[in-house]
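Asks:
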Amino acid sequence: MGRTVAGAWRPNPAAQLLYGASPQSWLPGAKIEFVRYKGADPDTPVATRKTVTGTLPDQLDSVWARAGLRVLVLDYDPQCTLSAILLGEPQLVETWALERPGATVK
């Protein structure tokens, strides 16, 4: 997910997209354009347009919600990487603090 350059760790683009606080600072084109047209032809006027930025999981979450999709995410990684990305560290730490064996995150 990165390498050491001149004694400092440098994340690669995948790490920036997944974990970076502001991926667009490093990758300005890393965004999703959500466009809905008034008709079936792309030459018709635009009904709605939304530019979605942030981390890749944030972008996907926003687009899926806007499209009315419900998505179930399963995190089988013992390190809970996906949960940390989607929930954010404060909520994940709070969940771990409950110390309920076998409990799930909702």
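Per my numbering, the very first residue in the sequence shown carries number 34; after that it's consecutive. Glycine residues also receive a C-beta, built at the ideal position from the N, C-alpha and C atoms.
So, do the segment 97-106 and the segment 120-132 have three or more beta carbon pairs nearer to each other than 8 Å?
Replies: As far as the Cβ criterion goes, the segment 97-106 does not touch the segment 120-132, which means the pair count is below three.
Asks: Report the three-state DSSP secondary structure of Arg-99 (helix, strand or coil).
Replies: The sequence position of residue 99 within the sequence shown is 66, counting from 1. Of the three classes helix, strand and coil, the one that applies to Arg-99 here is helix, per DSSP.
Asks: Exposed or buried, Gln-112, counting other C-beta atoms within 10 Å across all chains shown (16 or more means buried)?
Replies: Walking along the sequence shown from the start, residue 112 turns up at place 79. With fewer than 16 other Cβ atoms within 10 Å, it is exposed.
Asks: Just tell me which of Leu-131, Phe-67, Tyr-52, Ala-73 has its CA closest to the CA of Lys-83.
Replies: If you number the sequence shown from 1, residue 83 lands on position 50. Residue Phe-67 is the option with its Cα nearest to Lys-83.
Asks: In whole angstroms, what is the alpha-carbon distance linking Ala-98 and Pro-56?
Replies: Against the sequence shown, residue 98 aligns to sequence position 65. Against the sequence shown, residue 56 aligns to sequence position 23. Near 21 Å, if we compare the C-alpha coordinates of Pro-56 and Ala-98.
Asks: If I measure Cβ to Cβ from Arg-36 and keep anything under 7 Å in the same chain, skipping five residues before and after, which residues do I get?
Replies: The sequence position of residue 36 within the sequence shown is 3, counting from 1. Around Arg-36: Arg-43.
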